[in-house]
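> Chains as they are written, first to last, in the numbering used here: chain A, 1226 to 1622; chain B, 29 to 285.
For each residue, glycine too, the CB sits at the ideal point set by N, CA and C.
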Amino acid sequence: MWLAQSNINPDNRLKSMNPFLTEKHREVRRSVRAFCEAELAPIAKDLDQEARFPWEVVEKMGALGYFGIQVPKDLGGAGMDSVSYVVAIEEISRVCGGMGLCVTVHNSVAVHPIMAFGTREQQEKWVPDLAAGKKIGAFCLTEPNAGSDASGIQAVSLLDGDHYVVNANKVFVTNGGVADTCLIFVRTDPEAGPRGISVIVAERGAPGFVVGDLEDLCGMRCNPVSSIRLNDCRIPAGNLLGREGMGLAIGLAGLDTGRIGIAAQALGIAQAALEEGIRYSKQRSQFRVPIAKHQSISNMIADMATQVDAARLMVYRAAALRDTGKPFSKESAMAKLFASETASTVTDMAVQIHGGYGYSKDYPVERYFRDARVTRIYEGTSEVHRTVIARSVLGKF
Amino acid sequence: MGIHIIVCIKSVVLDAPGGKIVRTPDTTTINPFDLSALEVALAARDELGGTITALSMGPETSSLSLYSALSMGVDRGVLLCDKTLAGADTLATSNALCAGIRLLEPYDLVLFGTRTADSDTGQVGPQTAVGLNLPLVTQARDIVFQENGLEVGAECDGFRQRFAVDLPCALTVAPEAAKARDASLGGIEDAFAGSIETWNLERLGLSPDQVGDAGSPTKIKGMTPASKGKQCDFITGSIEEQADKLLEKLVNAGLIQ
Chain A
1226 MWLAQSNINP DNRLKSMNPF LTEKHREVRR SVRAFCEAEL APIAKDLDQE
1276 ARFPWEVVEK MGALGYFGIQ VPKDLGGAGM DSVSYVVAIE EISRVCGGMG
1326 LCVTVHNSVA VHPIMAFGTR EQQEKWVPDL AAGKKIGAFC LTEPNAGSDA
1376 SGIQAVSLLD GDHYVVNANK VFVTNGGVAD TCLIFVRTDP EAGPRGISVI
1426 VAERGAPGFV VGDLEDLCGM RCNPVSSIRL NDCRIPAGNL LGREGMGLAI
1476 GLAGLDTGRI GIAAQALGIA QAALEEGIRY SKQRSQFRVP IAKHQSISNM
1526 IADMATQVDA ARLMVYRAAA LRDTGKPFSK ESAMAKLFAS ETASTVTDMA
1576 VQIHGGYGYS KDYPVERYFR DARVTRIYEG TSEVHRTVIA RSVLGKF
Chain B
29 MGIHIIVCIK SVVLDAPGGK IVRTPDTTTI NPFDLSALEV ALAARDELGG
79 TITALSMGPE TSSLSLYSAL SMGVDRGVLL CDKTLAGADT LATSNALCAG
129 IRLLEPYDLV LFGTRTADSD TGQVGPQTAV GLNLPLVTQA RDIVFQENGL
179 EVGAECDGFR QRFAVDLPCA LTVAPEAAKA RDASLGGIED AFAGSIETWN
229 LERLGLSPDQ VGDAGSPTKI KGMTPASKGK QCDFITGSIE EQADKLLEKL
279 VNAGLIQ
């Protein structure tokens, strides 16, 4: 589906129907798809229904490098590029959105900031276990009164000797129930406004580190999203990422990258809904013909396929820009906005194509429909993304 | 130094849209019956040390199956690729593989799948073994390395057989012998950082009349789609027995591994 004939040179992207993919990326797709269909597909429905985190699959994913996709080999990662990363996230999410979420958040907003802003000593301390999936990472920014406005956080951290004393109440923490290594956004200088925000790495098990109840969410139910509270939690000063006051810069850098992953996740969910829509429309007959023969249904399939294809090109473009070292902030925002809106639209259409059965838990499209909804909310809402894009397009005037 | 195992693999056609076979990256994949042979080789190398060479014959697209093998952990991939190799029957294919394998000497073991998912003759492994004058065990299910050779278990016509075989030897490996490992992302990265060696007819030291269409004593006179009549099979027995029988059918059909 992805490449034109005779595209054999591993670096030859020019003959490709998708100009961003090489043969290596095709192999990533083939391999991750085979793994997910064998290991995740048979249990995805149960994971959703039971809100269960599949440790048994996580262990296998860890051994295959899924938790350190872009981490350099010398720190135990797979050393791959961003395009490989989005292909892998897309394929995991095509089968199980909640696990796609786990892997993308771990890679892009937990591991990546440590790689980008951590010292070599910090990288060697945390990254090998994270890359192997032995420890799970989390990004703890959102608070009850601070979401889109990240500068409004109230968590505080005061230096006391060679330790920070941290008090924080973080909510909607993806992977929160299983996370070992958490990036906590705190105020280290309460008087300095947005410039007083820093990132401290807190480790599960530290006295005062409390995992709250798991959220009972509409979708992504296998992901143990929870609150995390730090009550007078003493964290070594050496766990500060970057310098004091760099918190927002670290957060924005993480979110720029994270958006590509969430866009890929939305794309995978949309792809799954498209495939189910096609399958069902060919198999279900009404008025003595498969419903795909009815123009109202085939038009829906055409629109779904077109939107998914457009989203895919945008997601891969953002990743390819990142790989070539070019600015990708606007493109990643556009990809996240479009892919998440597409996921919502396409999963809704897939439910419509299925009729009453689409509203039943006997068919996977209702899970896709629920999973897709949150992609327009987390890692920057669609509204915030429109602001980011508009600012970039309009410039200063 | 360890052992040197050569695994012969084929890139097979997954789909023939409109009845026409077109070999593209999207319509071809590694023959599923070769995966157990690859896994047997990888497990042996992990235990004993050494190297594995994956060898294939086919058009350029076949290199992708060799990259898949490298991604799983194979050390070296060699593709026999030349216009004169096209149109080969199983004997001409074996002639080319024999020449390729001789160029890879010294080796201890040559492995094949039992058959292929596209043409399904099951002849190439045995013919190549004969061409190389190697002892051969077909349908190998378990392989134990011993001091001076192998002990191989095989199953045929409802009987279990055990063979002692001298090295070097050739085996066709049954799908039941091993479940292939998944390629790791790091393995894929390493595979594509390397390259596949491509050998032409001159490199093989063969003449055009020994290979390809010219070297094939059998010719395809015609090919038409077989009847698509659906056949219904009733599987009987307890639920467990039914599940086992269904599993066996799916494995034998190459649909699952």
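1. Taking 8 Å as the threshold (beta carbon to beta carbon), is Tyr135 (chain B) in contact with chain A?
2. Given a threshold of 16 other Cβ atoms within 10 Å of its Cβ, counted over all protein chains shown, does Gly233 (chain B) qualify as buried or as exposed?
3. Does the beta carbon of Ile216 (chain B) come closer than 8 Å to any beta carbon on chain A?
4. Does Ser84 (chain B) have its Cβ less than 8 Å from a Cβ in chain A?
5. Which residue comes first and which comes last in the beta strand (DSSP E) that contains Arg1542 (chain A)?
6. Which first and last residues belong to the beta strand (DSSP E) in which Gln174 (chain B) is found?
7. Check Asn1232 (chain A) in the structure and name its three-state DSSP category.
8. Give a yes or no on whether 8 Å exceeds the smallest Cβ distance from Val1659 (chain A) to chain B.
9. So Arg1255 (chain A) is in the alpha helix (DSSP H); what residue range does that whole segment cover?
10. In three-state DSSP terms, what is Lys1395 (chain A)?
11. Rounded to whole angstroms, what is the Cα-Cα separation between Lys277 (chain B) and Leu283 (chain B)?
12. Verify whether the separation of the beta carbon atoms of Tyr1541 (chain A) and Phe1260 (chain A) is less than 8 Å.
13. At a CB-CB cut-off below 8 Å, which residues of chain A make contact with Leu92 (chain B)?
14. Give me the residue from A:Asp1299, A:Gly1402, A:Arg1319 with the minimum Cα distance to Arg1440 (chain A).
15. What does Phe1245 (chain A) reach in chain B if we use C-beta pairs closer than 8 Å?
16. What residues from chain A crowd round Ala145 (chain B), counting only those whose CB sits closer than 8 Å?
17. Give me the Cα-Cα distance between Ile1522 (chain A) and Arg1258 (chain A), rounded to the nearest whole angstrom.
18. Express the C-alpha separation of Ile1339 (chain A) and Asn1464 (chain A) in angstroms, rounding to a whole number.
19. Using the Cβ count rule (16 or more neighbours within 10 Å means buried), how would you classify Glu268 (chain B)?
20. Which residue's Cα is closest to the Cα of Ala1266 (chain A): A:Cys1365, A:Ile1317, A:Gly1550?
21. Looking at C-beta atoms only, is the number of pairs between the stretch 1476–1492 of chain A and the stretch 1592–1605 of chain A that lie closer than 8 Å three or more?
22. Would you say Tyr1541 (chain A) faces chain B, with C-beta separation under 8 Å as the test?
23. If we ignore side chains and look at the alpha-carbon of each, how far apart do Leu1228 (chain A) and Val152 (chain B) end up?
24. Output, in chain order, the set of chain A residues within a Cβ distance shorter than 9 Å of Ser96 (chain B).
25. For Trp227 (chain B), list the residues DSSP reports as bridge partners.
26. Quick one: what does DSSP say Thr200 (chain B) is sitting in, helix, strand or coil?
27. Across the stretch 159–177 of chain B and the stretch 77–94 of chain B, are there enough close Cβ pairs to call them in contact, namely three or more that are closer than 8 Å?
28. By the DSSP assignment, the beta strand (DSSP E) with Val1411 (chain A) in it spans what residues?
29. Looking at C-alpha atoms only, which residue of A:Pro1419, A:Gln1577, A:Arg1611, A:Ala1575 is the closest neighbour of Lys1561 (chain A)?
30. Let me see if you follow: with CB-CB separation under 8 Å, is Ala1624 (chain A) close to chain B or not?
31. Report yes or no: do three or more beta-carbon pairs, one from the stretch 29–42 of chain B and one from the stretch 136–144 of chain B, lie closer than 8 Å?
32. Run down chain B in chain order and give the residues with a C-beta less than 9 Å from the C-beta of Leu1265 (chain A).
33. Using DSSP bridges, identify the partner residues of Ala219 (chain B).
34. So which of B:Pro253, B:Arg143, B:Leu160, B:Phe61 has the shortest CA-CA distance to Tyr135 (chain B)?
35. Taking the beta strand (DSSP E) that Pro1461 (chain A) belongs to, which residues open and close that run?
36. What are the residues in the stretch 1475–1492 of chain A lying within 8 Å of chain B by C-beta distance?
Inspection of the coordinates gives the following:
1. Numbered from 1 along the second sequence, position 107 holds the residue referred to as residue 135 (chain B). Not closer than 8 Å to any Cβ of chain A, the Cβ of Tyr135 (chain B) fails to qualify, so no.
2. For this step, residue 233 (chain B) is matched to residue 205 along the second sequence. A residue is called buried when at least 16 other Cβ atoms come within 10 angstroms of its Cβ; Gly233 (chain B) does not meet this threshold and is exposed.
3. In the second sequence, residue 216 (chain B) corresponds to position 188, counting from 1. At least one C-beta of chain A is nearer than 8 Å to the C-beta of Ile216 (chain B).
4. Within the second sequence, numbered from 1, the residue matching residue 84 (chain B) stands at position 56. No, its Cβ sits nowhere closer than 8 Å to a Cβ of chain A.
5. Within the first sequence, residue 1542 (chain A) is the residue found at index 317, counting from 1. Taken as a continuous stretch (DSSP letters only), Arg1542 (chain A) belongs to no beta strand (DSSP E), being part of the alpha helix (DSSP H) at 1520–1548.
6. To locate residue 174 (chain B), count along the second sequence from 1; it is residue 146. Its beta strand (DSSP E) spans residues 164–174.
7. Counted from its first residue, the first sequence places residue 1232 (chain A) at position 7. The predicted model places Asn1232 (chain A) with a pLDDT of 39, which falls under 50 and marks its position as unreliable, so this point remains unresolved.
8. Only positions 1226 to 1622 of chain A appear in this structure, which leaves residue 1659 (chain A) out of reach.
9. Along the first sequence, one-based indexing puts residue 1255 (chain A) at 30. Element bounds for Arg1255 (chain A): 1248–1264.
10. For the purposes of this step, residue 1395 (chain A) is taken as residue 170 along the first sequence, with counting starting at 1. Secondary structure of Lys1395 (chain A) (DSSP, three-state): strand.
11. The count along the second sequence starts at 1 and reaches residue 277 (chain B) at position 249. The count along the second sequence starts at 1 and reaches residue 283 (chain B) at position 255. If you draw a straight line from the Cα of Lys277 (chain B) to the Cα of Leu283 (chain B), it comes to about 9 Å.
12. Counting from 1 along the first sequence, the entry for residue 1541 (chain A) is found at position 316. Counting from 1 along the first sequence, the entry for residue 1260 (chain A) is found at position 35. It is not a contact, given that the beta carbons lie outside the stated cut-off.
13. Within the second sequence, numbered from 1, the residue matching residue 92 (chain B) stands at position 64. The answer, in chain order, is Ile1233, Glu1248, Arg1251, Glu1252.
14. Residue numbering aside, residue 1440 (chain A) sits at position 215 when the first sequence is read from its first letter. Note that residue 1440 (chain A) is Glu in the sequence shown here, rather than Arg. Relative to the Cα of Glu1440 (chain A), the nearest Cα in the group A:Asp1299, A:Gly1402, A:Arg1319 belongs to A:Gly1402.
15. On the first sequence, position 20 is the one that residue 1245 (chain A) refers to. Near Phe1245 (chain A) there are no residues of chain B at all, since even the closest Cβ is about 15 Å away, more than 8 Å.
16. As a working mapping, residue 145 (chain B) is identified with position 117 in the second sequence. Within chain A, no residue comes near Ala145 (chain B); the closest Cβ sits about 15 Å away, beyond 8 Å.
17. Within the first sequence, the letter at position 297 stands for residue 1522 (chain A). Within the first sequence, the letter at position 33 stands for residue 1258 (chain A). The C-alpha of Arg1258 (chain A) is placed about 28 Å away from the C-alpha of Ile1522 (chain A).
18. Position 239 of the first sequence holds residue 1464 (chain A). Position 114 of the first sequence holds residue 1339 (chain A). When the Cα atoms are used, Asn1464 (chain A) and Ile1339 (chain A) turn out to be separated by approximately 10 Å.
19. Sequence index remark: in the second sequence, residue 268 (chain B) carries index 240 (1-based). By the neighbour-count criterion, in which 16 or more other beta carbons inside 10 Å mark a residue as buried, Glu268 (chain B) falls on the exposed side.
20. Taking the first residue of the first sequence as position 1, residue 1266 (chain A) is located at position 41. Minimum Cα distance to Ala1266 (chain A) is reached at A:Ile1317.
21. Yes: at least three Cβ pairs fall under 8 Å.
22. Within the first sequence, numbered from 1, the residue matching residue 1541 (chain A) stands at position 316. Judged by the 8 Å Cβ criterion, Tyr1541 (chain A) is not in contact with chain B.
23. Your numbering for residue 1228 (chain A) matches position 3 in the first sequence. Your numbering for residue 152 (chain B) matches position 124 in the second sequence. Unreliable positioning characterises Leu1228 (chain A) in this predicted model, as indicated by a pLDDT of 30, which lies under 50. The coordinate reading is nonetheless provided below. Each residue's Cα considered, the two are about 31 Å apart.
24. The sequence position of residue 96 (chain B) within the second sequence is 68, counting from 1. Within 9 Å of the CB of Ser96 (chain B), the CB atoms of chain A belong to Glu1252, Arg1255, Ser1256, in sequence order along the chain.
25. Counted from its first residue, the second sequence places residue 227 (chain B) at position 199. B:Leu108.
26. Locating residue 200 (chain B) in the second sequence gives position 172, counting from the first residue. Strand, per DSSP.
27. In short, these stretches do not touch, since the Cβ pair count stays below three.
28. Position 186 of the first sequence, counting from 1, holds the residue named residue 1411 (chain A). It spans 1406–1412 - the beta strand (DSSP E) in which Val1411 (chain A) sits, taken as one unbroken run.
29. Taking the first sequence and counting its residues from 1, one reaches residue 1561 (chain A) at position 336. Cα-wise, what sits closest to Lys1561 (chain A) is A:Arg1611.
30. Limits of chain A in this structure are 1226 at one end and 1622 at the other, which puts residue 1624 (chain A) out of reach.
31. Taking 8 Å as the limit for Cβ pairs, the verdict is that the stretch 136–144 of chain B does touch the stretch 29–42 of chain B.
32. The residue labelled residue 1265 (chain A) in the question sits at position 40 within the first sequence. Residues of chain B passing the Cβ test: none, with the nearest at roughly 12 Å.
33. As a first step, residue 219 (chain B) is located in the second sequence; it is residue number 191 there, counting from the start. Looking at the DSSP output, Ala219 (chain B) sits in no beta bridge, so it has no partner there.
34. Stepping through the second sequence from its first residue, residue 135 (chain B) is reached at position 107. Selected option, being the one with the closest Cα: B:Leu160.
35. By one-based count along the first sequence, residue 1461 (chain A) stands at place 236. Start and end: 1451–1461.
36. The residues in question: there are none.
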